[in-house]
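**Student:** With the working numbering applied, the sequence shown corresponds to residues 993 to 1172, in that order. The beta-carbon is built from N, C-alpha and C at its ideal position, and this holds for glycine as well. Just dropping this structure here.
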Amino acid sequence: MMVSQQVRKIIEAALAEDIGTGDITTTAIVSLEQSGKAQAIAKDNFVVAGIDIFQDAFVFLDEHAQFNLPVRNGEMVKSGDIIAEVSGRLFYILQAERVALNIFQRMCGIATLTRKYVEAARGTKAKILDTRKTMPGLRLLDKMAVSIGGGVNHRMGLYDGVLIKDNHIAAAGGIVAAVA
993 MMVSQQVRKI IEAALAEDIG TGDITTTAIV SLEQSGKAQA IAKDNFVVAG
1043 IDIFQDAFVF LDEHAQFNLP VRNGEMVKSG DIIAEVSGRL FYILQAERVA
1093 LNIFQRMCGI ATLTRKYVEA ARGTKAKILD TRKTMPGLRL LDKMAVSIGG
1143 GVNHRMGLYD GVLIKDNHIA AAGGIVAAVA
């Protein structure tokens, strides 16, 4: 499954940050032709979020990588469950694994906590909304994770909704001036 161009840029930046001028350990130990396989196994119970992005981190480096993805976004998994299996060129699996896992773990953590609050609010009129207080560059992923966890996206940025806050009121000289 291919993800959006915006998500692809996040993956590209994360891989470039990690690999830098080259993965000196993998280059020294693994040949480009060597095939390999990896499994991701749950170490806890959590809500799956970003499995498509997990996959695309590997595909970014090896477009011929093959996957078995027995879980879907929004599913609850238990400790010990197989989340994903990837096979392909081991050189690229080793380079992509940490970025794939870091993004996946972050998204799953956000989705799991969101689901906890959504379930706590069940039976009320309350909705669990996200904020703009996200890690710079990762807002899209964080907000995707909130949505997968059952929460509601509030606004993506300053550009898509008015929200007058205390600093706006202070800058305007009061609430009346701020809304005039």
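#1: Note down, in chain order, each residue of its chain lying with its Cβ closer than 6 angstroms to the Cβ of L959, except the 5 sequence neighbours on either side.
#2: What is the C-beta distance between A1041 and A1113, in whole angstroms, given that I count them as a contact (C-beta under 8 angstroms)?
#3: Identify which residue in L1132, N1159 and L1121 has its Cα closest to the Cα of G1143.
#4: Does the distance from the C-beta atom of I1011 to that of I1045 stay below 8 angstroms?
#5: Taking DSSP as the reference, what is the three-state secondary structure of N1145?
#6: Just verifying my parser: in three-state terms, what is the DSSP assignment at R1131?
#7: Is the beta carbon of A1030 sitting closer than 8 angstroms to the one on E1089?
#8: On the DSSP bridge list, what partners appear for V1039?
#9: What residues are listed by DSSP as bridge partners for K1108?
#10: Can you tell which of I1075, A1137 and K1070 has its C-alpha closest to the C-alpha of F1059?
#11: Thinking just about the alpha-carbon of each residue, which of V999, S1027, R1064 and F1083 is nearest to the one in I1021?
**Tutor:** Inspection of the coordinates gives the following:
#1: Shown here, the chain extends from 993 to 1172; a query on residue 959 therefore has no answer.
#2: Contact between A1041 and A1113 fails: their C-beta atoms lie close to 19 angstroms from each other, not under 8 angstroms.
#3: Taking the Cα of G1143 as reference, the smallest distance to any Cα among L1132, N1159 and L1121 is reached at L1121.
#4: Annotated as distal: I1011 and I1045, with beta-carbon spacing of 8 angstroms or more.
#5: Note: N1145 maps to coil in three-state DSSP.
#6: It is helical.
#7: Yes.
#8: Paired residue(s): M1068.
#9: In DSSP, K1108 forms no bridge with anything.
#10: Nearest C-alpha to F1059: I1075.
#11: For I1021, the nearest C-alpha among the options comes from F1083.
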